[in-house]
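Residue numbers (the numbering used here), protein chains in the order written: chain A, 1 to 316; chain B, 1 to 438.
Below is one structure; the comments refer to it alone.
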Amino acid sequence: MTDRFVAVLAGGLSHERDVSLRSGRRISAALRTVGVTVQEWDADANLLHRLREHRPDAVVVALHGGEGENGSIQTILDLLSIPYVGTDPDACRRSWDKPTAKAELARAGVLTPDWVVLPHSTFRELGAAPVLESMVQRLGLPLMLKPDKGGSALGAQVVRDAANLPTAMVGCLAYSDAVLAEKFVDGVEVAVTVIDGPDGPEALPAVEIVPESGVYDYTARYTAGLTTFHTPARLDPKTADAVAELAVTAHKLLGLRDISRTDAVIDPSGAVHFLEVNLSPGLTETSLVPMAVEAAGRSLGAIYAGLIDRAIARSR
Amino acid sequence: MTPGQPPERLGARSLDPHLQRYAARAAGMTASEVRALFAVASRPEVVSLAGGMPNLAALPLDFLSEQVASIITDEGLTALQYGSAHGVPLLREQICEVMALEGVTGHPDDLVVTVGSQMALDLVTRIFCDPGDIVLAEGPSYVGALGTFASYQADVRHVAMDEHGLVPEALRAALGAAQQAGRRVKFLYTIPNFQNPAGVTMAVNRRAEVLDICARHDVLVIEDNPYGLLGFDGQIYPALRSMDADNVIYLGSFSKTFASGLRVGWALAPHAVREKLVLAAESASLCPPTLNQLIVSRYLATHDWKGQIKSFQSMYRERRDALLSGLEQHMPPGCTWTRPDGGFFVWMTVPEGVDTKAMQPRAVTARVAYVPGTGFYADGFGSRQMRLSFCYPPPERISEGVRRLASVLTEEIELLNTFGPSTSRSLSGPQTPTPDTA
């Protein structure tokens, strides 16, 4: 690996730029520890020029949100025939759109909280009050509101009182044109990292998330100390197997490649519900993938170096 | 994980082993969505009407380069050595000449050079405020000051402003309320000229009244005056300190009139206070950077700094005009804003129901940035307000930024029309006068 030159793409113009820059720094440092030569590049107007000029052996996409996860950057890399770690553009598009991913998994029999997805225009044209009322009737309260695309819990919130729903909708729609309303499942939150290996996708130990405030929002995610993590999750073996199986199923069904992270919740009956999948998971100091890697007794740098090898081999 | 091998049990982790050790004042130091969104504002595609960075393009860089080289050659062993916490004597004398433009007659001995006026504010708060002490500040007020007051656990009470600055009647009411509650007010913090963030200036005829009210209530006045020489018509207002040398601590800075990166500011204080400030400064930083002080001193001695300030005034005037004209042209009905005669900022109030903090992601998507109003209040107000700065982008970018902002606002209003008013968007600002009612 020592003669490999890898570009880590981080930053971009999405709402998650700050998180992405931190992920980029972390993965770059990890790759350097295993002897990879790394340059960190922003996804800006100079990117194409840099890619053409420097022709990295491979690219690690540490962009979160927007171009980094909707398949755009991956399309560019395919056009330039530059190998990259991660999912191909078509599967990116499917998974990036949360409702599409949920629908695909639900069709395959995976349990996922009931949901409704609607754009602002529907509320405008049909009147917000009756649509919100129908939404609450269907999903009950509390319910979870999320932008239909995007990560880091930006714009996501739990709504416990119908009176707060209009404000929450306005906040959520500031991030995206459509909102995903989900039945709120109270239970144990876990995140499972899946890594592609020689024998197929493998789930790393689940990480259990216990936010101090009760909600794993942006502040709880990126302020060290505001969330307690249990690695591995405090699950009985049967449930641990079930969450691992769910994550591998999501990875395969959605056509994800190299690495993904599935977020799930286990309700009091022990049933595991799929929440969402991340095809460019956070790699910051407070992110879940590095914790899972550590719990697996492996190193982030070595895992990514292996994924880089796979990406290069794929392109030959 | 090797197949068949159980995962390593790392147990419960908070990722911060020092969690139980932090002082209470660190409680609010958390990650925030607003801060995260500002990361995008640094990209050139985004028109940032958010930052308060002075525009240094007009500085004579070649001349400065020669002067810095000459300082190292001629006085290198002094410039690179520790100095006095009080500050370089020659610079203190020169600062007194700068302040004389505003009618201040201070003695160099009563002046302490600090690492920007931010440090001066920190030192003043440190020596005067115990946790829970009341500090009065204009509503809205400078976010950096609010951060300092919070770090000393002061209890900030805002005093309303109108288009003529701090409202004396509101000051009397705030002092009366504190007195009635048996609480001691330690000081009034005010930015009388081209206030940050409101852009308004305290009317000259109000200044004596404000000082009189504070004196009667035995309340110290902290006058923060970074923008005083940046009046667009060249008018220089008399400093509060020029009217009351005993009860006013004056904070000044070269950040807006010369170079913010040098971090050279100062405090002019009554003698006894000055002694404490020097001791506090010693424990904070030993001394302000000697080289930077010598650079400022050399600049004041060898460059036409007054002429330079005039060129800054004209540059910022042009930018202010671009912002105001863009607002007139593009903003939807129901928006009001201040019309500053100097400084860097315009304060805008948006229609009822719009929450400028909640709207920020939409603005970032549209590649324009502003600062939501809530950051300028210690009590949660300001959700209908935003600060727009015109100091950094060139006029044509400002116009483009305002155009983008107007369309963001129009979309947000449309969204509110869809979802109707909400009870949780009520903390818009003081019910008394606001700075943008002119």
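Glycine included, each C-beta is placed from N, C-alpha and C at the ideal position.
Cut-off 6 Å between Cβ atoms - residues of its own chain near S315(A), not counting five sequence neighbours on either side:
What you label residue 315(A) is simply residue 315 of the first sequence in a count that begins at 1. Cβ within range, chain order: P83.
With a threshold of 9 Å between beta-carbons, can Y218(A) be considered close to chain B, or not?
In the first sequence, the residue the question calls residue 218(A) occupies position 218. Chain B contact via Cβ: present.
Beta-carbon neighbours of M359(B), restricted to chain A and to distances below 8 Å
For the purposes of this step, residue 359(B) is taken as residue 359 along the second sequence, with counting starting at 1. From the beta-carbon of M359(B), the residues of chain A found nearer than 8 Å are A174.
Comparing C-alpha positions only, which one of A170(B), W266(B), S325(B) and E163(B) sits nearest to E396(B)?
In the second sequence, the residue the question calls residue 396(B) occupies position 396. Out of A170(B), W266(B), S325(B) and E163(B), S325(B) has the C-alpha closest to the C-alpha of E396(B).
Local Cβ density within 10 Å of Q235(B), reported as buried at 16 or more and exposed below that
Within the second sequence, residue 235(B) is the residue found at index 235, counting from 1. By the 10 Å Cβ count, Q235(B) comes out exposed.
Neighbourhood of S134(A) by C-beta distance below 6 Å, restricted to the same chain and skipping five residues each side
Stepping through the first sequence from its first residue, residue 134(A) is reached at position 134. For S134(A), there are no CB contacts under 6 Å within the same chain when 5 residues up- and downstream are skipped.
Hey, does G11(B) have any beta-carbon neighbour from chain A nearer than 9 Å?
In the second sequence, residue 11(B) corresponds to position 11, counting from 1. The beta carbon of G11(B) sits closer than 9 Å to some beta carbon of chain A.
Comparing the C-beta of M1(A) with each C-beta of chain B, is any distance below 9 Å?
For this step, residue 1(A) is matched to residue 1 along the first sequence. Per-residue confidence for M1(A) stands at a pLDDT of 49, beneath the threshold of 50, marking its modelled position as unreliable; the derived number appears in the next sentence. It does not; no Cβ of chain B falls within 9 Å.
Give a single yes or no on whether G401(B) has its beta carbon closer than 8 Å to a heavy atom of the ligand NAP.
Annotation note on the ligand NAP: not contained in the displayed structure, which lists no ligands.
I'd like to confirm the pairing. Which residues does DSSP put opposite H49(A) in its beta bridges?
Translated into positions along the first sequence, residue 49(A) becomes position 49. Answer is none; H49(A) lacks a bridge partner.
Using a Cβ cut-off of 7 Å, which residues of the region 16 to 27 of chain B contact any Cβ in chain A, in chain order?
Residues passing the 7 Å Cβ filter: D16 and L19.
What would DSSP say about P268(A), mapped onto helix, strand or coil?
Here the question's residue 268(A) lines up with position 268 in the first sequence. When secondary structure is reduced to three states using DSSP, P268(A) falls in the coil class, being assigned neither helix nor strand.
By the criterion of Cβ-Cβ separation under 7 Å, what are the contact partners of V364(B) in chain A?
As a working mapping, residue 364(B) is identified with position 364 in the second sequence. Contact annotation for V364(B) against chain A: H15 [CB-CB distance below 7 Å, chain order].
Just tell me which of L79(A), L21(A) and L105(A) has its CA closest to the CA of L246(A).
Here residue 246(A) refers to the residue found at position 246 of the first sequence. When each option's Cα is compared against that of L246(A), the closest is L105(A).
H18(B): buried (16+ other C-beta within 10 angstroms of its C-beta) or exposed?
Against the second sequence, residue 18(B) aligns to sequence position 18. The residue is exposed, with fewer than 16 neighbouring Cβ atoms inside 10 Å.
Closer than 8 Å, Cβ to any Cβ of chain B: which residues of the region 15 to 38 of chain A, in chain order?
Here the close residues are H15, E16, R17, D18, V19 and L21.
Between the C-alpha atoms of F123(A) and V116(A), what's the straight-line distance to the nearest angstrom?
Reading the first sequence from its first residue, position 123 is the one you call residue 123(A). Reading the first sequence from its first residue, position 116 is the one you call residue 116(A). For F123(A) and V116(A), the distance between alpha carbons rounds to 13 Å.
Using DSSP with H/G/I as helix, E/B as strand and the rest coil, what is V159(A)?
Taking the first residue of the first sequence as position 1, residue 159(A) is located at position 159. DSSP places V159(A) in strand when its eight states are reduced to three.
Does A181(B) have its Cβ less than 9 Å from a Cβ in chain A?
What you label residue 181(B) is simply residue 181 of the second sequence in a count that begins at 1. Not an interface residue.
Given a limit of 7 Å on CB to CB distance, which residues of the region 170 to 199 of chain A reach chain B?
The region 170 to 199 of chain A vs chain B, Cβ under 7 Å: V170, G171, L173, A174 and Y175.
Look up G297(A) in the DSSP assignment and say whether it is helix, strand or coil.
Working through the first sequence from its first residue, we reach residue 297(A) at position 297. For G297(A), the secondary structure class from DSSP, reduced to helix, strand or coil, is coil.
Using a C-beta to C-beta distance shorter than 9 Å, which residues of chain A count as neighbours of E45(B)?
Indexing the second sequence from 1 puts residue 45(B) at position 45. Per Cβ cutoff of 9 Å: L13, D44 and A45.
Closest by C-alpha distance to H158(B), when choosing among A406(B), L166(B) and L240(B)
On the second sequence, residue 158(B) is found 158 positions in, with the first residue counted as 1. With distances taken between CA atoms, H158(B) lies nearest to L166(B) out of A406(B), L166(B) and L240(B).
Is the beta carbon of T231(A) less than 9 Å from the beta carbon of R13(B)?
As a working note, residue 231(A) is residue 231 in the first sequence. As a working note, residue 13(B) is residue 13 in the second sequence. In this structure, T231(A) lies near R13(B), with their beta-carbon atoms less than 9 Å apart.
Does the beta-carbon of R183(B) have 16 or more other beta-carbons within 10 angstroms, so that it is buried, or is it exposed?
To locate residue 183(B), count along the second sequence from 1; it is residue 183. So R183(B) ends up on the exposed side.
Do you know how far the Cα of A245(B) is from the Cα of T223(A)?
For the purposes of this step, residue 223(A) is identified with residue 223 of the first sequence, where counting begins at 1. For the purposes of this step, residue 245(B) is identified with residue 245 of the second sequence, where counting begins at 1. So the alpha carbons of these two residues sit roughly 45 Å apart.
Cβ of I308(A) within 9 Å of Cβ of V85(A)?
Position 308 of the first sequence, counted from the start, is the residue given in the question as residue 308(A). Position 85 of the first sequence, counted from the start, is the residue given in the question as residue 85(A). Yes, these two residues count as a Cβ contact at 9 Å.
Listed by chain order, chain B residues near Y222(A) by CB distance under 8 Å:
Numbered from 1 along the first sequence, position 222 holds the residue referred to as residue 222(A). Against chain B, a Cβ distance below 8 Å from Y222(A) picks out A31 and A36.
Determine the chain B residues that contact F229(A) at a beta-carbon separation under 8 Å, and present them in chain order.
Within the first sequence, residue 229(A) is the residue found at index 229, counting from 1. Per Cβ cutoff of 8 Å: A12, R13, S14 and L15.
Closer than 6 Å by C-beta to G11(B): which residues in its own chain qualify, once you throw out the five before and the five after it? Chain order, please.
Start at 1 with the first residue of the second sequence, and residue 11(B) comes out as number 11. Nothing listed; no residue qualifies.
Along the chain, where does the alpha helix (DSSP H) that runs through E104(A) open and close?
By one-based count along the first sequence, residue 104(A) stands at place 104. Element bounds for E104(A): K98 to R107.
Using a Cβ cut-off of 9 Å (strictly closer), state whether V68(B) contacts chain A.
Here residue 68(B) refers to the residue found at position 68 when the second sequence is read from its first residue. Among the CB atoms of chain A, none fall inside 9 Å of the CB of V68(B).
Are the C-beta atoms of R367(B) and some chain A residue less than 9 Å apart?
Here residue 367(B) corresponds to residue number 367 of the second sequence, with the count starting at 1. Yes, contact with chain A.
From A43(A), Q157(A) and V265(A), residue whose alpha carbon lies closest to that of T239(A):
Position 239 of the first sequence, counted from the first residue, corresponds to residue 239(A). Among A43(A), Q157(A) and V265(A), the Cα nearest to that of T239(A) belongs to V265(A).
Using a Cβ-Cβ cutoff of 7 Å, what residues of the region 366 to 391 of chain B are near chain A? List them in chain order.
When CB distances to chain A are screened at a threshold of 7 Å, not a single residue of the region 366 to 391 of chain B falls below it.
Go ahead and pull the three-state DSSP assignment for A378(B).
Locating residue 378(B) in the second sequence gives position 378, counting from the first residue. In this structure, A378(B) counts as coil in the three-state DSSP scheme.
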